[in-house]
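Here's the structure we're looking at; comments come further down.
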Amino acid sequence: MRIVAKQLFVLIFSFALLYAVIWCFTYIVYPTTRNYLDTYQDAVYFSNDKPEYYLYGRGAGLVVRGRGLLAENVSNIVVTGASTSVEGFRPPVMQKYITNGIVHNLSIGASNMTQVGQVVDLVLEATPEDKRNNLHFIVGVSYVLLRPDSEMWPGGVTNVETEMLKYGMYKSKGESRFRSAHYKYFISFLRPILIVDELFRRVVTDHLFKTIWYINNKWLRPMQFLISDNLNRVSVSEEYKVYVDREMHRRMGSVNDEIGDEQFERLIDISKKVHQSSAKLTVVDLPLAKWHMLKSKHFASYQKNKMHFFERLKEIGTVNIIDMQYMNNDDDFYDFAHPKPQTSVQWSSYLGEILSKMKY
Amino acid sequence: MSFTSFHFGLFVIISFIANNYCRGKTTYGLVAFLINLAFFSSFFDTLLGAVPIVIFLITAYFLVVLSFYIKKPFVLFISLFAVMMIFSYLKKYTFVSWSPELPFVYTVIGMSYILFRVIHLIVDVYEGSIKDKIGFIDFINYCCFFLVLVSGPIVRYQDFSLQYLSKESSLLLSREDVVGAFSRILTGYIKIVGLSALFIFLFSTFNQEYWQLKVGTGGKVVAVWFGYASVTYFFHLYFNFTGYMDVVIGLGILFGYRLPENFNKPLLASSFLEFWTRWHITLSEWFRTYFFNPLVKWLNGVVKDSNKHVVSIGILGYFATFLVIGYWHTPSICLAILLGVGAAVNKIFQGFSKQIFGKKRMKRLNGNDFFNYICRGLTISYLAISIAFLWMDYREIYFKYSFVWIAVSFFMIWAVVGAVSAMAMVIYDKLARFANRFHLVIENQSLSCMATNAWLVSKLFIILYASLITINPTPAFIYMGF
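Right, dumping it as structure tokens:
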């Protein structure tokens, strides 16, 4: 029995030692050098930008595990939304206009308003109560963000919820195992596990997804133009326009291409939550390529319905609405919704200037 | 109590301490009885739910004792018939569905394996292979030994008693034994929480795609999704079961038991029959001893000029044996028929190919790598398609598609999955050879204590990583349901 007990002790002790060594190592490999969060790496497949690697993951993973950083700043401006907001609002550009607060971009590609609401919840959870009045959310909205839950999440679980359930952080949907003040210690404890995850992503999944993405778009779908040395030079083909119409009809899941109230109501819920927590909210009505706005029935439906909901938002209070819908030409987009890199600078500067006037 | 639960870990530690501190045969028997009882009772929500299986055990013990005192064929027949009928009734087999059901919920955990052990005891006691009278405590400790209760391996009483009854002092284990056991346990958990979980995740994804296909979807599309689903389920089952066995055998060593191996690289099997000599070996051996051999013996006695029909009797014996094995796995008749046909066709092919090619050519062919990979691919894919009836209801397909469509699809899927599996086998072979060499170096006894521990720690790290990364619960142990 002694030999078994000895072996068990040696095993546990060696494991603890190894874990501690890897834990220290993660601070050398991934030192915390930045004071802002940015989910932009998700978009690196589309461009030649060098990917940035975070230990805490990317997209939804970065939001869930990296948000501890928010508590360290006195004032935060958090951009949320889907891929258009990821690419359109660049924190380094916006930061030039802002002296009183740190700009973060926690938008997640392929989101709808339900997921944006979850990001808002997580950010609120990570922000100490006494700092919430210095918290400002920017939500980039277009009709694409209003895809119904049944179409967007057929399994009933969003990407954010999946990340929340990983590593045992949350017991079930929204039920945390830790007090909001303690979860960051747990995430810190997880660093040796996260580094394995990150290395796996870097070595295997990134290359795999990039290859699949390339094959898919190069040969299987008429989107070859996306693979360009310079996204600023991309122009959209007629074939692609037809493809987008068909694809959006399929994705939005509405027979008559109408935008329902479900996701608008989620936006109302978000503004209520933000208002109750004494934070601020700015809704940005995002532009789309004009050729698409003219043709899309979804867009027409969105235009018709939005006024009513925007009025309701204003009634809640502490909500600003910025209309950017018609500030761009077709040439400013590399597809129907995403801005070219040079357009991103324009958008970010525009928003930065507005925020600076709000005394940031 | 799940083998992957925290409670099980605690239970093992307490049992291990109790197991080591007891002295003397009687004390040891009683302590083992309490350990087994504690483990067994963890599966019951209510006392009433345990009553049927307890009655089954008491009846079985009575019949074993009866066989010991009255060694008559009639008593043997009655005893076997009685235990099988009680078993079938409690397990709610369809052929006894006419009988009224018990008016309360009860658990039949490990009952199949208890039945195997009881039949073995009755037959061997009757035949005189077990000479000593078996006490009730020893009987319970044998039938309900916590490590093998749920799913085997099926240990012969003679082997079990040699180890169990000889325990009069604390165990003497060498460092190599302990390191080997720890390594085995950790490998088992890697298979369960890592590989089995990965494959069940892939399976659920593919299965969902498969069932979403509508009637009229092209055969190729159906074949692709069904192929993916069936192969991933097969690998899930493989890692699930072998992982469980690794844990059981490893713990067995720490508890002082050398349990028989239940797997011998089944993915290397190049024929259906060879597969069953490598997969769930103790079950195959049990069926050979207590079903196939008596059946063939009986057929030889019944059939006139049986010498002329040796091959046919053998084929029939294999067909019937695998039919029963299949039916035991699941009441779906499709699996039973596919296993029965697989065994029979394999036997026919063996004889046929020997006649056509001759012994020399067959030997040369069997030595050919390409031929072997194809055979292995076809074997794995045939089994993967067969066991699809563990997760798929045949009526769903039957109502969806015509019989001809199903038949054509079966062969198409078999051929496609077989070809892909054959290619996978080539990769598997290379990986297995590399892993084997690596393992030999790592687990070499001359290796320093530090290196051995580093090896164990890396396994522990993989387990922690695998269990944290997944958002799905650890996969349940499949064979527990049989």
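Chains as they are written, first to last, in my numbering: chain A, 1 to 360; chain B, 1001 to 1482.
The beta-carbon is built from N, C-alpha and C at its ideal position, and this holds for glycine as well.
Practice item. Go ahead and pull the three-state DSSP assignment for K171 (chain A). Key: In the first sequence, the residue the question calls residue 171 (chain A) occupies position 171. DSSP places K171 (chain A) in strand when its eight states are reduced to three.
Review point. Could one say the Cβ of I1333 (chain B) lies closer than 8 Å to chain A's Cβ atoms, at least one of them?
Key: Counting from one through the second sequence, the residue named residue 1333 (chain B) turns up at place 333. So no, I1333 (chain B) is outside the interface.
Review point. Going by DSSP, which residues form a beta bridge with I321 (chain A)?
Key: By one-based count along the first sequence, residue 321 (chain A) stands at place 321. In the DSSP output, where bridge partners are listed per residue, I321 (chain A) has A:V283.
Exercise for review: Kindly indicate the opening and closing residues of the beta strand (DSSP E) around L1115 (chain B).
Suggested key: Numbered from 1 along the second sequence, position 115 holds the residue referred to as residue 1115 (chain B). Under the DSSP assignment, L1115 (chain B) falls outside any beta strand (DSSP E), being part of the alpha helix (DSSP H) whose first and last residues are M1111 to E1127.
Point to revise | G1301 (chain B) versus Y1089 (chain B): straight-line alpha-carbon distance, rounded | key: Walking along the second sequence from the start, residue 1301 (chain B) turns up at place 301. Walking along the second sequence from the start, residue 1089 (chain B) turns up at place 89. Between G1301 (chain B) and Y1089 (chain B), the C-alpha separation is close to 31 Å.
**Study point:** Nearest-angstrom Cα separation, counted from V120 (chain A) out to D130 (chain A)
**Key:** The residue you call residue 130 (chain A) lines up with position 130 of the first sequence. The residue you call residue 120 (chain A) lines up with position 120 of the first sequence. Distance between the alpha carbons of D130 (chain A) and V120 (chain A): 17 Å.
Point to revise | Rounded Cβ spacing between E87 (chain A) and R251 (chain A) (contact assumed at less than 8 Å) | key: To locate residue 87 (chain A), count along the first sequence from 1; it is residue 87. To locate residue 251 (chain A), count along the first sequence from 1; it is residue 251. Approximately 19 Å separates the beta-carbon atoms of E87 (chain A) and R251 (chain A); this is outside 8 Å, ruling out the contact.
Review point. Among B:G1194, B:L1048 and B:F1272, which one has its Cα closest to the Cα of K1459 (chain B)?
Key: What you label residue 1459 (chain B) is simply residue 459 of the second sequence in a count that begins at 1. Per the C-alpha coordinates, the member of B:G1194, B:L1048 and B:F1272 positioned closest to K1459 (chain B) is B:G1194.
Review point. Nearest-angstrom Cα distance between N1436 (chain B) and K1265 (chain B)?
Key: Position 436 of the second sequence holds residue 1436 (chain B). Position 265 of the second sequence holds residue 1265 (chain B). For N1436 (chain B) and K1265 (chain B), the distance between alpha carbons rounds to 12 Å.
Point to revise | Any C-beta of chain B under 8 Å from that of M252 (chain A) | key: As a working note, residue 252 (chain A) is residue 252 in the first sequence. Look at M252 (chain A): its C-beta is not under 8 Å from any C-beta on chain B.
Point to revise | Contacts of V196 (chain A) in chain B (Cβ-Cβ under 7 Å) | key: What you label residue 196 (chain A) is simply residue 196 of the first sequence in a count that begins at 1. Correct list: Y1465.
**Study point:** Buried versus exposed call for C1144 (chain B) [16 or more other C-beta atoms within 10 Å across all chains shown]
**Key:** Taking the second sequence and counting its residues from 1, one reaches residue 1144 (chain B) at position 144. With a threshold of 16 other beta carbon atoms within 10 Å, C1144 (chain B) meets it and is buried.
Check your understanding: If you measure from the beta carbon of F25 (chain A) to each beta carbon in chain B, is any gap under 8 Å?
Key -> Start at 1 with the first residue of the first sequence, and residue 25 (chain A) comes out as number 25. No - not a single Cβ of chain B is within 8 Å of the one on F25 (chain A).
Point to revise | Contact set for I1017 (chain B): own chain, Cβ-Cβ below 6 Å, skip 5 residues either direction | key: To locate residue 1017 (chain B), count along the second sequence from 1; it is residue 17. Annotation for I1017 (chain B): no residue places its beta carbon closer than 6 Å to its own, counting only its chain and skipping 5 residues before and after.
Review point. Does the count of Cβ pairs from the region 1121–1134 of chain B and the region 1088–1105 of chain B closer than 8 Å reach three?
Key: The region 1121–1134 of chain B, when compared against the region 1088–1105 of chain B, does not touch it at the 8 Å Cβ threshold.
Review point. Are the C-beta atoms of N1372 (chain B) and some chain A residue less than 8 Å apart?
Key: Counting from one through the second sequence, the residue named residue 1372 (chain B) turns up at place 372. Against chain A, the CB of N1372 (chain B) has no partner CB under 8 Å away; the residue lies outside that interface.
Review point. Under a CB-based cut-off of 8 Å, is L18 (chain A) close to chain B?
Key: Within the first sequence, the letter at position 18 stands for residue 18 (chain A). It does; some Cβ of chain B falls within 8 Å.
Point to revise | CB-CB length for T39 (chain A) against S107 (chain A), believed under 8 Å | key: Reading the first sequence from its first residue, position 39 is the one you call residue 39 (chain A). Reading the first sequence from its first residue, position 107 is the one you call residue 107 (chain A). So it is a contact: roughly 6 Å between Cβ atoms.
Review point. Using the beta-carbon of each residue, which ones in chain A are nearer than 9 Å to L1080 (chain B)?
Key: Here residue 1080 (chain B) refers to the residue found at position 80 when the second sequence is read from its first residue. Going along chain A, no residue has its Cβ under 9 Å from L1080 (chain B), so there is no contact; the nearest lies around 41 Å.
Review point. Is it true that the region 275–293 of chain A meets the region 110–119 of chain A, where meeting means three or more beta-carbon pairs spaced less than 8 Å apart?
Key: Under the Cβ criterion (8 Å, minimum of three pairs), the region 275–293 of chain A does not count as touching the region 110–119 of chain A.
Point to revise | Distance between F1095 (chain B) and K1153 (chain B) (C-alpha atoms, nearest Å) | key: Numbered from its first residue, the second sequence carries residue 1153 (chain B) at position 153. Numbered from its first residue, the second sequence carries residue 1095 (chain B) at position 95. According to the sequence shown, residue 1153 (chain B) is Pro rather than Lys. Between P1153 (chain B) and F1095 (chain B), the C-alpha separation is close to 28 Å.
Practice item. Please check the pair I268 (chain A) and F309 (chain A), which I expect to be a contact at CB under 8 Å, by giving their CB distance rounded to whole angstroms. Key: Indexing the first sequence from 1 puts residue 268 (chain A) at position 268. Indexing the first sequence from 1 puts residue 309 (chain A) at position 309. For a cut-off of 8 Å, the C-beta gap from I268 (chain A) to F309 (chain A) is around 7 Å, short enough to register as a contact.
Exercise for review: Find the residues of chain B that neighbour Y30 (chain A), judging by a C-beta separation of less than 7 Å, and give them in chain order.
Suggested key: For the purposes of this step, residue 30 (chain A) is taken as residue 30 along the first sequence, with counting starting at 1. By Cβ distance, chain B contributes nothing, its closest Cβ being about 17 Å from Y30 (chain A), past 7 Å.
Check your understanding: Which residue from B:I1190, B:I1469 and B:A1082 puts its Cα closest to that of S1067 (chain B)?
Key -> Position 67 of the second sequence, counting from 1, holds the residue named residue 1067 (chain B). Among B:I1190, B:I1469 and B:A1082, the Cα nearest to that of S1067 (chain B) is on B:A1082.
**Study point:** Candidates B:L1273, B:I1281 and B:F1074, of which the one nearest P1260 (chain B) by Cα
**Key:** Taking the second sequence and counting its residues from 1, the one referred to as residue 1260 (chain B) is at position 260. Nearest option by C-alpha distance: B:I1281.
Point to revise | For I1086 (chain B), the nearest candidate out of B:G1326, B:A1269, B:Y1106 and B:I1053 (CA to CA) | key: Residue mapping note: residue 1086 (chain B) aligns to position 86 of the second sequence, counting from 1. Ranking the options by Cα distance to I1086 (chain B), first place goes to B:I1053.
Exercise for review: Determine the direct distance from the alpha carbon of V1417 (chain B) to that of I22 (chain A), and round the result to whole angstroms.
Suggested key: Taking the first sequence and counting its residues from 1, one reaches residue 22 (chain A) at position 22. Taking the second sequence and counting its residues from 1, one reaches residue 1417 (chain B) at position 417. When rounded, the distance between both Cα atoms is 42 Å.
**Study point:** Short-range partners of chain B found in the region 145–178 of chain A, where Cβ spacing is below 7 Å
**Key:** Close to chain B, meaning a Cβ-Cβ distance shorter than 7 Å, are the following residues of the region 145–178 of chain A: T162, L165, K166, Y167 and G168.
Exercise for review: Mark R65 (chain A) as exposed unless 16 or more other C-beta atoms lie within 10 angstroms of its C-beta, in which case mark it buried.
Suggested key: One-based indexing of the first sequence puts residue 65 (chain A) at position 65. Buried.
Check your understanding: With a CB to CB cut of under 6 Å and the five nearest residues on each side skipped, what residues in its chain are close to L165 (chain A)?
Key -> Residue mapping note: residue 165 (chain A) aligns to position 165 of the first sequence, counting from 1. Excluding sequence neighbours, L165 (chain A) sits near nothing in its chain.
Review point. Within the 8 Å Cβ cut-off, does L11 (chain A) reach chain B?
Key: Here the question's residue 11 (chain A) lines up with position 11 in the first sequence. Among the CB atoms of chain B, one or more fall inside 8 Å of the CB of L11 (chain A).
Exercise for review: State buried or exposed for D261 (chain A), treating a residue as buried only when at least 16 other CB atoms are found within 10 Å of its CB.
Suggested key: Here residue 261 (chain A) refers to the residue found at position 261 of the first sequence. By the Cβ neighbour-count rule, D261 (chain A) is exposed, with fewer than 16 other Cβ atoms within 10 Å of its own.
Practice item. Determine, using beta carbons only, whether F1003 (chain B) comes closer than 8 Å to chain A. Key: Position 3 of the second sequence, counted from the start, is the residue given in the question as residue 1003 (chain B). Chain A contact via Cβ: absent.
Check your understanding: Closer than 8 Å, CB to CB, is S356 (chain A) near chain B or not?
Key -> The residue you call residue 356 (chain A) lines up with position 356 of the first sequence. It does not; no Cβ of chain B falls within 8 Å.
Check your understanding: For the region 1174–1185 of chain B, which residues have a CB atom closer than 7 Å to at least one CB atom of chain A, in sequence order?
Key -> From the region 1174–1185 of chain B, only R1175, V1178, V1179 and F1182 have a Cβ closer than 7 Å to chain A.
**Study point:** Where H136 (chain A) sits in the DSSP three-state scheme
**Key:** As a first step, residue 136 (chain A) must be located in the first sequence, where it is residue number 136. Shown here, H136 (chain A) sits in a strand according to DSSP, grouped into three states.
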